[in-house]
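Chains as they are written, first to last, in this note's numbering: chain A, 1 to 539; chain B, 540 to 1078.
Where is the CB? At the ideal position from N, CA and C, for every residue including glycine.
Take a look at the structure below.
Written out as structure tokens, the structure reads:
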């Protein structure tokens, strides 16, 4: 025992659990009259938000909900969804956000697996939820969240949100978790194969990742943030808590429509929003008249599928400042960022776009990141060529998968989180994703990165969206097959597409088949490559 | 045991100790070529800084320095002092920063109390240190830090800093502390009475407070920070670690001279600095020609003695954006901030200055703050009148006092840190310090805040500095006595000062005596009121 280990213990004055709940309390104390949430004509202050969360927590507590209980939510990006991010953990319960695009069977599976005690439902999803609740073994209390902008009743609900909240005491005394490792939320992976896995977050990670967002993205005080990203997606990448930490304003959004997005950017002076590349594509292709009249700086964070450089370039040309990030549900959303270097501003625009499309470096609060051999965990050379798997380590890596020790153990093997994504490491330490390990095409023993082929397709002026998958081949093992959605009014032949790729890629990487039409997507906007692989094999 | 407690444990992939060392590593990895330190003509990058710290840590480790050992430093704000904030904790040792204005006896006391194993010395302080080392029982390894801008040799040193560093291996494998509660630094209080107390910080607190600075002060990425605040003072309020978190630039400064400060602000585009009100007074009273030509925004953070509103107003008039904070050595430096509200911009300038002079609200990462009865810990009314003691709670409250369980227990009594400062709480929750509990004047049973009287004195156009203390009085118990330093060339009588105070204060609060001359100060720039009280009683 050394000098500094003696009589210098933790006590209530010098040790407090890290929890994003402290951010809400501070915003309410310091800026009670600042606007926390805007939803249509509704304006809710931070003082009111805090009071509403306390009352809702009290009501949940009175109904027996407490530590370790699951509270589910099938809600769009409305104020109630934001409030649940605080009210539920105030009683020690765990918020389970359900992807609003899921089918009844999947929802029932999740509610049963999570042993859901309460479920909050927006009437837009009443039909699906009606079936899901009947199908599920769990018998949660069903709460209807009425939203002025979507006014149908939910026939299955036992009680309405505001009524439940009003059961609660104004002066309910909630407390921080005794242990910051306590679970705060549960998010199911989209699960392209088999049953989805339940990713569990804790208070410590939520607190740190909320702050990491603010610092890594340089959000400043009082950002105005538009909810283009679903809050059910990795808890909106932890932004509900980032907004509380920076006392910002949440601008709610039920539906992602370019016209509405541009309108809100102008009327509410939105200066931050996040979105998958598909959202950016929608904005880029929106009529010019919607885009006119934005006179302030807008910062966009994008992740999801790696956005082709051309999308980033188009956004920048529209005057939006794009930050490219990358992460997984298992890492609380984004955990790497393509941190910008001032000297890159001197480069030609297309080179800038290529640099900006890299997944980059660890965000401020991820502790370690590497591209390594999936078997030996030996780091790959930083040569921009040697492909390996991306591994992370840090406080914003999940606790594990709920009731799935095997999957947890596998994903943490060797003391690193295994992302399943394949990347190279550039000389400057920036990572560049080449593919999901299951998406890579192996043709005649050569690896073909589907992302590389897609990024060439995106450069074709007629192409709006593109996805490339492997098609089984007796001779080559696999061959690349492209699925392409054309921009409105454009016409182009399969041969033209293939020729364009051959001009811009090594010939063996060019697709051998091109299918035109819409792309099937998961509820989070990711292209369902397994569906495309099925189609490709049937050609 | 609930659902969420099962098989969701900590492992190396999802739990990493919070430590500011991770910030240095990230800055070096992501921005190796950005400038970390500027000292005169010297420019050191983040990559070099990291490499230098690793080598120094290796050298310390090879000489047997490790976990829980004390490494002392008697250094001005030069690059070596910055590097020690990382190199020392890299081996698990504790950095003990010595106030460079201390006398040999006090230094010897600290080195013995801290059981110092190594001491780094700048030759400016060689004479004092020579005596101190001879006087001390501890026999630390003495290291001379040579600084180009101050080139005398230190006769007592065994080895020079760069030579020691070069003993170390480039590829030394340092590690984060296993427990983030591990001690990182030791800072002695100025100790106006009795022996100073050794305040111990830990890695977790240093990490969180570094981030709290960045967010609370809205520092953004890559700030350029001028070292007007001594790094030996609460580890420069944790800014060495904040600069690493934000990959900023440290502009070093051996001596606080207004001319140099203005020169560096212009030449290095400094946009952030901290300083006690005395530093601000120096800047305000500097010749006009030095101040001209600053064309960028400069943010100033000030604390220490509460700055009279007039000082803040003058700084704002010079175009500097002043943030007023408050804290103690025990709270890692500032832990409250006078958070600004946009609507205050509409108020008259003098009202703004009064608002800005309040100590404000808890910073983003202090968990709780209250003004309460020192005995019962009952919170005072938020009425702007009821005076109580300031109490804090949070992860940026010290571990405790080294080898002083009694003092630690007393300061943490009731689960709150007892600041010893007296304040009122305004209706909006902002605190306003009225005095140190030992400084308050009680005259005829009425409390007189010496700060209130001082702030009136500062409004007198001839007054440069002022301090008010109690003078013993047989009839009234105590009476206020003022000590005043006049601006150059100004002349004013005792009666004029007293009359001015009576015009602007309740009569019983006006000083009954005025003494003209310089003010005695502690090494951290605080007025030594105990010295003044002695003089006052002898009048």
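Quick check on DSSP: helix, strand or coil for residue 84 (chain A)? Here residue 84 (chain A) refers to the residue found at position 84 when the first chain is read from its first residue. The answer is helix: DSSP assigns residue 84 (chain A) an H, G or I state.
Would residue 471 (chain A) be called buried (16 or more neighbouring beta carbons within 10 Å of its own) or exposed? The residue labelled residue 471 (chain A) in the question sits at position 471 within the first chain. Classification of residue 471 (chain A): buried, given that the 10 Å Cβ count is 16 or more.
Round the Cβ separation of residue 1058 (chain B) and residue 1022 (chain B) to the nearest angstrom and send it over; I've been treating them as touching at under 8 Å. Numbered from its first residue, the second chain carries residue 1058 (chain B) at position 519. Numbered from its first residue, the second chain carries residue 1022 (chain B) at position 483. The Cβ separation is near 6 Å, so the contact holds.
Any C-beta of chain A within less than 8 Å: which residues of the region 931-942 of chain B qualify? 931, 932, 933, 934, 936, 937, 938, 939, 941, 942
Alpha carbon to alpha carbon, how far is residue 873 (chain B) from residue 865 (chain B)? What you label residue 873 (chain B) is simply residue 334 of the second chain in a count that begins at 1. What you label residue 865 (chain B) is simply residue 326 of the second chain in a count that begins at 1. Approximately 5 Å, taken between the alpha carbons.
Own chain residues within Cβ distance below 6 Å of residue 619 (chain B), not counting five before or after: Locating residue 619 (chain B) in the second chain gives position 80, counting from the first residue. Taken in chain order, the residues that qualify are 684, 700.
Consult DSSP for residue 731 (chain B) and reduce its assignment to one of helix, strand or coil. For the purposes of this step, residue 731 (chain B) is identified with residue 192 of the second chain, where counting begins at 1. A caution first: residue 731 (chain B) carries a pLDDT of 47, below 50, which makes its placement in the model too unreliable to give a value.
Are the Cβ atoms of residue 780 (chain B) and residue 562 (chain B) separated by less than 8 Å? Here residue 780 (chain B) is taken as the residue at index 241 of the second chain, counted from 1. Here residue 562 (chain B) is taken as the residue at index 23 of the second chain, counted from 1. A contact, by the Cβ cut-off of 8 Å.
On the three-state DSSP scale, how would you describe residue 158 (chain A)? Here the question's residue 158 (chain A) lines up with position 158 in the first chain. Residue 158 (chain A): coil per DSSP, three-state reduction.
Measure from the C-beta of residue 525 (chain A) to each C-beta in chain B and report whether the shortest distance is under 8 Å. Sequence index remark: in the first chain, residue 525 (chain A) carries index 525 (1-based). Judged by the 8 Å Cβ criterion, residue 525 (chain A) is not in contact with chain B.
Have a look at B:582, B:681, B:967 and flag the residue whose alpha-carbon is nearest the alpha-carbon of residue 26 (chain A). Translated into positions along the first chain, residue 26 (chain A) becomes position 26. The shortest C-alpha separation from residue 26 (chain A) is found at B:967.
Thinking just about the alpha-carbon of each residue, which of A:396, A:6, A:324 is nearest to the one in residue 209 (chain A)? Working through the first chain from its first residue, we reach residue 209 (chain A) at position 209. When only C-alpha atoms are compared, the closest one is A:396.
Any residues in the region 546-562 of chain B with a beta carbon nearer than 8 Å to a beta carbon of chain A? Which ones, in chain order? 546, 547, 548, 549, 550, 551, 552, 553, 554, 555, 557, 561, 562
Output needed for residue 623 (chain B): all residues of its chain with C-beta closer than 6 Å, excluding positions within five of it in sequence on either side, in chain order. Taking the first residue of the second chain as 1, we reach residue 623 (chain B) at position 84. If we look at residue 623 (chain B) and ignore the five residues flanking it on each side, its Cβ neighbours are 612, 634.
Which residue spans inside the region 1025-1052 of chain B form an unbroken alpha helix (DSSP H) run of at least 4? 1033-1043
Can at least three beta-carbon pairs, one atom from the region 483-501 of chain A and one from the region 549-560 of chain B, be found at a separation below 8 Å? no
With a Cβ-Cβ cutoff of 8 Å, do residue 609 (chain B) and residue 738 (chain B) count as a contact? Counting from 1 along the second chain, the entry for residue 609 (chain B) is found at position 70. Counting from 1 along the second chain, the entry for residue 738 (chain B) is found at position 199. No. Outside cutoff.
Any beta carbon of chain B sitting closer than 8 Å to that of residue 86 (chain A)? On the first chain, position 86 is the one that residue 86 (chain A) refers to. Residue 86 (chain A) does not count as touching chain B.
CB-CB under 8 Å to residue 193 (chain A), same chain, minus the five flanking residues each way: which ones, in chain order? Indexing the first chain from 1 puts residue 193 (chain A) at position 193. Interpretation of residue 193 (chain A) is limited by its pLDDT of 48, a score under 50 that renders its predicted location unreliable; no figure is taken from the coordinates.
C-alpha distance - residue 249 (chain A) paired with residue 82 (chain A), whole-angstrom precision: Here the question's residue 249 (chain A) lines up with position 249 in the first chain. Here the question's residue 82 (chain A) lines up with position 82 in the first chain. C-alpha separation (whole angstroms): 11 Å.
I'd like the list of long-range same chain contacts for residue 281 (chain A), defined as Cβ closer than 8 Å, with 5 residues on each side in sequence excluded. In the first chain, residue 281 (chain A) corresponds to position 281, counting from 1. So the qualifying residues of the chain are 311, 464, 465.
For a quick check, are the C-beta atoms of residue 810 (chain B) and residue 753 (chain B) less than 8 Å apart? In the second chain, the residue the question calls residue 810 (chain B) occupies position 271. In the second chain, the residue the question calls residue 753 (chain B) occupies position 214. No, the Cβ-Cβ distance between residue 810 (chain B) and residue 753 (chain B) is not below 8 Å.
Tell me the DSSP bridge mates of residue 134 (chain A)? Within the first chain, residue 134 (chain A) is the residue found at index 134, counting from 1. Residue 134 (chain A) pairs with nothing; no bridge assigned.
Tell me, to the nearest whole angstrom, how far the beta carbon of residue 422 (chain A) is from that of residue 411 (chain A); I am working on the premise that it is less than 8 Å. As a first step, residue 422 (chain A) must be located in the first chain, where it is residue number 422. As a first step, residue 411 (chain A) must be located in the first chain, where it is residue number 411. Not quite, the Cβ-Cβ distance comes to about 16 Å (not below 8 Å), so this is no contact.
N- and C-terminal bounds of the beta strand (DSSP E) containing residue 738 (chain B): The residue you call residue 738 (chain B) lines up with position 199 of the second chain. Segment 737-741, the beta strand (DSSP E) holding residue 738 (chain B).
Any chance you could list the alpha helix (DSSP H) runs of at least 4 consecutive residues sitting entirely within the region 561-622 of chain B, in chain order? 585-601
Span separating the alpha-carbon of residue 378 (chain A) from that of residue 338 (chain A): Translated into the one-based positions of the first chain, residue 378 (chain A) becomes position 378. Translated into the one-based positions of the first chain, residue 338 (chain A) becomes position 338. Cα to Cα, the separation comes out at about 24 Å.
With a CB to CB cut of under 6 Å and the five nearest residues on each side skipped, what residues in its chain are close to residue 647 (chain B)? By 1-based counting over the second chain, the position of residue 647 (chain B) is 108. Cβ within range, chain order: 671, 674, 675.
Taking DSSP as the reference, what is the three-state secondary structure of residue 222 (chain A)? Along the first chain, one-based indexing puts residue 222 (chain A) at 222. If DSSP states are grouped into helix, strand and coil, residue 222 (chain A) belongs with coil.
Where residue 67 (chain A) meets chain B, residues with beta-carbon distance less than 7 Å: Numbered from 1 along the first chain, position 67 holds the residue referred to as residue 67 (chain A). The answer, in chain order, is 541.
Output, in chain order, the set of chain B residues within a Cβ distance shorter than 7 Å of residue 115 (chain A). Along the first chain, read from residue 1 onward, the residue named residue 115 (chain A) stands at position 115. Under the 7 Å cutoff, chain B gives 542.
7 Å Cβ cut-off: residues of chain B touching residue 356 (chain A): Here residue 356 (chain A) refers to the residue found at position 356 when the first chain is read from its first residue. Here the premise fails: no neighbours, minimum Cβ distance about 15 Å.
If we count the other Cβ atoms within 10 Å of its Cβ and call it buried at 16 or more, is residue 1078 (chain B) buried or exposed? Residue 1078 (chain B) sits at position 539 when you count from the first residue of the second chain. Under this definition residue 1078 (chain B) is an exposed residue.
Neighbourhood of residue 921 (chain B) by C-beta, 6 Å cutoff - its chain only, sequence neighbours within 5 removed: Numbered from 1 along the second chain, position 382 holds the residue referred to as residue 921 (chain B). 964, 966, listed in sequence order.
Is residue 878 (chain B) close to chain A, meaning its C-beta is less than 8 Å from at least one C-beta of that chain? For the purposes of this step, residue 878 (chain B) is taken as the residue at position 339 of the second chain. For residue 878 (chain B), the answer is yes, since a Cβ of chain A falls inside 8 Å of its Cβ.
Partners in chain A for residue 951 (chain B), counting only beta-carbon separations shorter than 9 Å: What you label residue 951 (chain B) is simply residue 412 of the second chain in a count that begins at 1. Within chain A, the residues near residue 951 (chain B) are 11, 12, 13, 14.
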